[in-house]
Amino acid sequence: MYFAALLARTAEGWEASDTELDDVETLTDLIDLARGAAKDDDTVLAFIEHEDAWFGVVRVDGEEDPHIYVSDAAAAARTSYGSMLTDELLGQDPDDDLDSLVDLDGTEDGEPDEDDDADPDAPVPVGPLGDGDILTDLGMEEKELKALDGDALESIADMLGCSMESLEAVR
Numbered sequence: 008m009y010f011a012a013l014l015a016r017t018a019e020g021w022e023a024s025d026t027e028l029d030d031v032e033t034l035t036d037l038i039d040l041a042r043g044a045a046k047d048d049d050t051v052l053a054f055i056e057h058e059d060a061w062f063g064v065v066r067v068d069g070e071e072d073p074h075i076y077v078s079d080a081a082a083a084a085r086t087s088y089g090s091m092l093t094d095e096l097l098g099q100d101p102d103d104d105l106d107s108l109v110d111l112d113g114t115e116d117g118e119p120d121e122d123d124d125a126d127p128d129a130p131v132p133v134g135p136l137g138d139g140d141i142l143t144d145l146g147m148e149e150k151e152l153k154a155l156d157g158d159a160l161e162s163i164a165d166m167l168g169c170s171m172e173s174l175e176a177v178r
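Just so you know, we're using the numbering used here here: the sequence shown kicks off at 8 and counts up by one.
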């Protein structure tokens with residue numbers, strides 16, 4: 008079972024909102040959902056948790072490239088939303104298997120892709136993966152982020168000063 012929430016910075020502080028992942032099929036969908044929750048170009052944190060096994064944070068700052076952190080990449084890679092995050096962090100394309108069967112990329116048979124630096128068969132590392140400094144400028148150092156377990160959303164929201172009423176409303 009997944010739990011997802013958006014924490015959006017507003018003029019009044021941080022505001023938490025529940026979010027449904029039903030329409031999220033790709034990382035781009037998740038990023039668009041986060042950008043839709045932003046006021047102007049403010050920061051939004053998309054938080055995904057899977058049964059206390061792992062959590063992920065996707066930080067969106069306006070139109071900048073998103074930053075991603077996953078607490079346990081190996082556990083996340085075994086789930087649909089987690090693999091969406093770990094594939095991005097590891098530079099793996101979930102469609103690579105199909106592309107290897109059918110020459111859809113325009114290269115000649117046997118000709119390697121020039122931009123194919125990722126090893127699709129590389130094992131997913133156990134433990135944290137991604138931008139450990141994702142929350143540093145907001146007040147949470149990498150060491151603190153990596154130490155989170157259990158109810159990570161509550162710890163992150165508390166650190167941000169997100170109102171507990173707002174957080175409780177999404178739980």
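Just so you know, even glycine gets a beta-carbon here, dropped at the ideal spot from N, CA and C.
- Message: By the three-class DSSP mapping on this structure, what secondary structure does SER162 have?
- Response: SER162 falls in the helix class under three-state DSSP.
- Message: Would ALA159 and TRP21 be called neighbours here (beta carbons separated by less than 9 angstroms)?
- Response: No, these two residues do not count as a Cβ contact at 9 angstroms.
- Item | Reduced DSSP secondary structure (H/G/I, E/B, other) of ASP68 | ASP68: strand per DSSP, three-state reduction.
- Going along the chain, which residues of its own chain have a beta-carbon closer than 6 angstroms to the beta-carbon of ASP140, five neighbours each way excluded? Take ASP140, set aside five residues on each side of it, and the residues of its chain with a beta-carbon closer than 6 angstroms to its own are GLU149, in chain order.
- Message: Restricting to Cα atoms, I'd like to know which of ASP30, THR50, GLU27 and THR17 is closest to GLY69.
- Response: Distance check between GLY69 and each of ASP30, THR50, GLU27 and THR17 places THR50 closest, using alpha-carbon atoms only.
- Count the other C-beta atoms from every protein chain shown that fall within 10 angstroms of the C-beta of MET91, then say buried if there are 16 or more, exposed otherwise. So MET91 counts as buried.
- Applying the criterion that 16 or more other CB atoms from any shown protein chain within 10 Å of the CB defines a buried residue, is ALA18 buried or exposed? Flag for ALA18 reads exposed.
- Task: Please state whether DSSP places ALA81 in a helix, a strand or coil.
- Result: Note: ALA81 maps to helix in three-state DSSP.
- Beta-carbon contacts of MET8 that lie in its chain and below 7 angstroms, excluding the five residues immediately before and after: The residues are GLU58.
- Is the beta carbon of ASP47 sitting closer than 9 angstroms to the one on LEU40? Between ASP47 and LEU40, the C-beta spacing is not below 9 angstroms.
- Limits of the unbroken alpha helix (DSSP H) element including THR93: First-last of the alpha helix (DSSP H) with THR93: 87 to 97.
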